[in-house]
Amino acid sequence: MRSTSLAELLWGKKAKFSYLFFAAVILLFTMLGSREIWTQEHRWADIVYGMFYYHDYLHPMLDGNDYYDKPLLSYWLIVGVATVLGELTTWAMRLPSALAGLLAIGSIYWLGVNLKDKRLGLLAGWMLLTTFYFIFWARTSSADMLNMAGSLFAVAWYFAKKNQTSLLDYAVFFLILSLTALCKGLIGPVVAVLAILPDIILQRSFSKHFNWRVFSAIMPALIVYILPFWASTHFGRQNYGGNGLYEVYRENFMRYFQPFDHKDPIYTYFIYLPIYLLPWALFFIPALLYLKPRWHSLSINSKWIVFSTALLFLFFTFSGSRRSYYVLPMVPFAILLTADWILSGADLLTRRCFWAGRVAILFFMLFFINFGVVQPLYYSQGNIDGFAVELKTIATQIKPWAEWKFVMLDPESKVRFYLHLSPEVKNYGVTGDRAKQTQAMLLKAWPILQNYPSDTILISRKIYLPLLSGLLKNYKIVEVQPGLLQRFLKMSDANAVVAFIPVASGDISR
24 MRSTSLAELL
34 WGKKAKFSYL
44 FFAAVILLFT
54 MLGSREIWTQ
64 EHRWADIVYG
74 MFYYHDYLHP
84 MLDGNDYYDK
94 PLLSYWLIVG
104 VATVLGELTT
114 WAMRLPSALA
124 GLLAIGSIYW
134 LGVNLKDKRL
144 GLLAGWMLLT
154 TFYFIFWART
164 SSADMLNMAG
174 SLFAVAWYFA
184 KKNQTSLLDY
194 AVFFLILSLT
204 ALCKGLIGPV
214 VAVLAILPDI
224 ILQRSFSKHF
234 NWRVFSAIMP
244 ALIVYILPFW
254 ASTHFGRQNY
264 GGNGLYEVYR
274 ENFMRYFQPF
284 DHKDPIYTYF
294 IYLPIYLLPW
304 ALFFIPALLY
314 LKPRWHSLSI
324 NSKWIVFSTA
334 LLFLFFTFSG
344 SRRSYYVLPM
354 VPFAILLTAD
364 WILSGADLLT
374 RRCFWAGRVA
384 ILFFMLFFIN
394 FGVVQPLYYS
404 QGNIDGFAVE
414 LKTIATQIKP
424 WAEWKFVMLD
434 PESKVRFYLH
444 LSPEVKNYGV
454 TGDRAKQTQA
464 MLLKAWPILQ
474 NYPSDTILIS
484 RKIYLPLLSG
494 LLKNYKIVEV
504 QPGLLQRFLK
514 MSDANAVVAF
524 IPVASGDISR
């Protein structure tokens, strides 16, 4: 294959958006539900499961407590998918994020076409698709990909419609911002407005967009935004402790100016923006270095890309609350900046495209292997789904499943999702390092160990097994078995789930 043939195929004259779209579908949806729930995904699992359990979709709860940390739309999207599929699964939980990832790919393509041409749109799309953390978050149940896709779609809509100042175009733009804000908070609309602002300044179009149609178009979007908060206040539970609008203030304004957590150092994004751009950081850094000699030859749209990226970087850096993945909304703009450089300069065009084409294909294949093959192998032949089946099988041999009670002794939070436990099941934690616990410490932290109720299954972690097995002598132990790849790599399973099923009636003496 000639040096430029990959570039021609992906974003040259022979390229088509359908190739990019099909590749995105493969990376985003292949084996989407194969990985077990990861860290923060348990929040969405618990909250959505609680909505189904209580038949209350206006008052999110986490671990049995009121929890209005995020607006409702990201939960409702999962509820909708699970309702259509007939079951709340990891696939249902992640499908909204994967669809948002597909929207982001389409949006950056559309934006690139309107900024310059089809080549920029396709190259930026392929680069974003082969950026590791984009794929990671698009395959994770959370509000982060919804937030990024919404803000990027709003910016793409603006550039496609900025010369058409109709009431409908403005109304759609603000509706996009409203729905984005209902996923994660006001950060999505702020990102979109900050990204658009440099273009308005460069084009001197304040007077063009400062008209009655803009203010009229804002009103329906405000109504859509306020409606879920109003409904949660006026319908359903009267004693609900969470206040959605207060959380908007707390999570957006207070966190920015007076942070109460996530206080990473001011240089955080100097580190994490290149990391979140991998593997394209190898091109992003030269693109930054070549900005000065290229500046006078840049078009207004190319300068907009630079200014919007810089403005967003400064906005996030000056926030008092910083965390690695907060950098995600900046990634598409840094990708556009890099793609614009790759396509500039006739003397280096072939070399840049030569390497860019090969990087895109190489990492597409690597990511497919990782997400579509390696991760499923990691969990195959030993996972928490199999544990749930085994536990129910053994427990129902003693008495019907519905007659069992459950207590969680500091297991991983995903247990509730896989066993479909009531949100009201008690979860006892520990104080201090798990590896340094003693029997005496566990007896003090977990009072139920003093009682040994015969109708209660105890669920914990394997790290506690040596201590608990000495206390719970007449209990049947069921463990999560390590997956195929986990066994091959001999990885630690200290946090694996362990269940203790009482096999004798009455109090059990030690």
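The sequence shown begins at 24 in this note's numbering and counts up one residue at a time. Even glycine gets a Cβ: it sits at the ideal position worked out from N, Cα and C.
Residue(s) in a DSSP beta bridge with SER367
Residue numbering aside, residue 367 sits at position 344 when the sequence shown is read from its first letter. In DSSP, SER367 forms no bridge with anything.
Assigned exposure category for PRO352 - 16 Cβ within 10 Å defines buried
Taking the sequence shown and counting its residues from 1, the one referred to as residue 352 is at position 329. So PRO352 counts as buried.
Since TYR98 is in the alpha helix (DSSP H), which residue starts that stretch and which ends it?
Position 75 of the sequence shown, counting from 1, holds the residue named residue 98. From DSSP, the alpha helix (DSSP H) with TYR98 extends over 96-108.
Could you check what DSSP says for ARG381 in three-state terms: helix, strand or coil?
By one-based count along the sequence shown, residue 381 stands at place 358. ARG381 falls in the helix class under three-state DSSP.
Would you kindly work out how many angstroms separate the C-alpha atoms of SER342 and ASN170, rounded to a whole number?
Start at 1 with the first residue of the sequence shown, and residue 342 comes out as number 319. Start at 1 with the first residue of the sequence shown, and residue 170 comes out as number 147. One C-alpha to the other measures close to 18 Å.
Going along the chain, which residues of its own chain have a beta-carbon closer than 6 Å to the beta-carbon of VAL521, five neighbours each way excluded?
By 1-based counting over the sequence shown, the position of residue 521 is 498. Excluding residues within five positions, the ones whose Cβ falls inside 6 Å are SER483, LYS485, LEU488, GLU502.
Does HIS257 get closer than 8 Å to chain C when you measure Cβ to Cβ?
Included in the structure is just one protein chain, with no chain C present.
Counted within 10 angstroms of its Cβ, other Cβ atoms place GLN420 as buried (16 or more) or exposed
One-based indexing of the sequence shown puts residue 420 at position 397. That one is exposed.
Beta strand (DSSP E) containing ARG428: first to last residue?
Counted from its first residue, the sequence shown places residue 428 at position 405. The amino acid occupying residue 428 in the given sequence is Lys; Arg does not appear at that position. First-last of the beta strand (DSSP E) with LYS428: 428-432.
Residue range of the unbroken beta strand (DSSP E) whose run includes TYR500
Within the sequence shown, residue 500 is the residue found at index 477, counting from 1. Correcting the residue type first, residue 500 is Ile in the shown sequence and not Tyr. 498-502 is the extent of the beta strand (DSSP E) around ILE500.
Entirely within the segment 146-175 and at least 4 residues each: give me those alpha helix (DSSP H) ranges in chain order.
155-161
Could you tell me if MET514 is buried or exposed, where buried requires 16 or more neighbouring beta carbons within 10 angstroms of its beta carbon?
Within the sequence shown, the letter at position 491 stands for residue 514. Flag for MET514 reads exposed.
Alpha carbon of LEU146 to alpha carbon of TRP34, nearest angstrom
As a working mapping, residue 146 is identified with position 123 in the sequence shown. As a working mapping, residue 34 is identified with position 11 in the sequence shown. Cα to Cα, LEU146 sits roughly 6 Å from TRP34.
Using a 10 Å radius around the Cβ and a threshold of 16 neighbouring Cβ atoms, would you call VAL526 buried or exposed?
Start at 1 with the first residue of the sequence shown, and residue 526 comes out as number 503. The residue in question, VAL526, is exposed, as its Cβ has fewer than 16 Cβ neighbours within 10 Å.
Looking at the structure shown, is VAL350 part of a helix, part of a strand, or coil, going by DSSP?
Mapped onto the sequence shown, residue 350 falls at position 327. Note: VAL350 maps to helix in three-state DSSP.
Work out the CA separation of ALA47 and LEU217 for me, nearest whole Å.
Translated into positions along the sequence shown, residue 217 becomes position 194. Translated into positions along the sequence shown, residue 47 becomes position 24. Those two C-alpha atoms are separated by around 28 Å.
What does DSSP give as the partner residue(s) for ALA522 in the beta ladder?
Here residue 522 refers to the residue found at position 499 when the sequence shown is read from its first residue. Beta-bridge pairing links ALA522 to ILE482, VAL501.
Given that a residue counts as buried once 16 or more other Cβ atoms are within 10 Å of its Cβ, and exposed if not, what is ALA519?
The residue given as residue 519 occupies position 496 in the sequence shown. That one is buried.
Check whether TYR441 and LEU508 have beta carbons under 8 Å apart
Here residue 441 refers to the residue found at position 418 when the sequence shown is read from its first residue. Here residue 508 refers to the residue found at position 485 when the sequence shown is read from its first residue. Going by C-beta atoms, TYR441 is not nearer than 8 Å to LEU508.
Cα-Cα separation between LYS207 and PRO243, rounded to whole angstroms:
By one-based count along the sequence shown, residue 207 stands at place 184. By one-based count along the sequence shown, residue 243 stands at place 220. So the alpha carbons of these two residues sit roughly 20 Å apart.
Which residues does DSSP list as the beta-bridge partners of LEU85?
On the sequence shown, residue 85 is found 62 positions in, with the first residue counted as 1. According to DSSP, which records beta bridges pairwise, LEU85 is partnered with ASN88.
Nearest by alpha-carbon distance to TYR451: which of LEU466, LEU321, HIS443 is it?
In the sequence shown, counting from the first residue as 1, residue 451 sits at position 428. Comparing Cα positions, the closest option is LEU466.
PHE276 classed as buried or exposed, judged by whether at least 16 other C-beta atoms fall within 10 angstroms
Residue mapping note: residue 276 aligns to position 253 of the sequence shown, counting from 1. PHE276 is exposed by the Cβ-count criterion.
Within its chain, find whatever has a CB closer than 7 Å to the CB of ILE241; leave out the 5 residues flanking it on each side and keep chain order.
The residue labelled residue 241 in the question sits at position 218 within the sequence shown. Here the set comprises PHE197.
Output the residue ranges of the alpha helix (DSSP H) runs that lie fully inside the segment 278-321 and measure 4 residues or longer, sorted by chain position.
291-299, 304-312, 314-317
Contacting residues, own chain, Cβ-Cβ under 8 Å from PHE258 (five flanking each side not counted)
Position 235 of the sequence shown holds residue 258. For PHE258, where only same-chain residues beyond five positions count, the Cβ hits under 8 Å are LEU81.
ASP192, enclosing alpha helix (DSSP H) - first and last residue
For the purposes of this step, residue 192 is taken as residue 169 along the sequence shown, with counting starting at 1. Looking at the DSSP string, the run of the alpha helix (DSSP H) that includes ASP192 is 190-204.
How many angstroms separate the CA atom of ALA458 from the CA atom of PRO355?
Start at 1 with the first residue of the sequence shown, and residue 458 comes out as number 435. Start at 1 with the first residue of the sequence shown, and residue 355 comes out as number 332. Distance between the alpha carbons of ALA458 and PRO355: 42 Å.
TRP318: buried (16+ other C-beta within 10 angstroms of its C-beta) or exposed?
Numbered from 1 along the sequence shown, position 295 holds the residue referred to as residue 318. By the 10 Å Cβ count, TRP318 comes out exposed.
How would you label ASP222, buried or exposed, when you count the other beta carbons within 10 angstroms and need 16 or more for buried?
Indexing the sequence shown from 1 puts residue 222 at position 199. It counts as buried.
So what's TYR80 in DSSP terms, helix, strand or just coil?
One-based indexing of the sequence shown puts residue 80 at position 57. In this structure, TYR80 counts as coil in the three-state DSSP scheme.
Give me the Cβ distance between ILE392 and VAL430, rounded to the nearest whole Å; I'm assuming they're in contact under 8 Å.
Indexing the sequence shown from 1 puts residue 392 at position 369. Indexing the sequence shown from 1 puts residue 430 at position 407. 41 Å between Cβ atoms; not a contact.
For PRO309 and VAL329, what's the separation of their Cα atoms in angstroms?
Along the sequence shown, one-based indexing puts residue 309 at 286. Along the sequence shown, one-based indexing puts residue 329 at 306. Cα to Cα, PRO309 sits roughly 14 Å from VAL329.
Hey, which unbroken runs of the beta strand (DSSP E) at 3 residues or more fall wholly within the segment 403-480?
428-432
Would you kindly work out how many angstroms separate the C-alpha atoms of TYR72 and THR106, rounded to a whole number?
Reading the sequence shown from its first residue, position 49 is the one you call residue 72. Reading the sequence shown from its first residue, position 83 is the one you call residue 106. C-alpha separation (whole angstroms): 12 Å.
Exposed or buried, which one is GLY455 when buried takes at least 16 other CB atoms within 10 Å?
On the sequence shown, position 432 is the one that residue 455 refers to. Its Cβ having fewer than 16 others within 10 Å, GLY455 is exposed.
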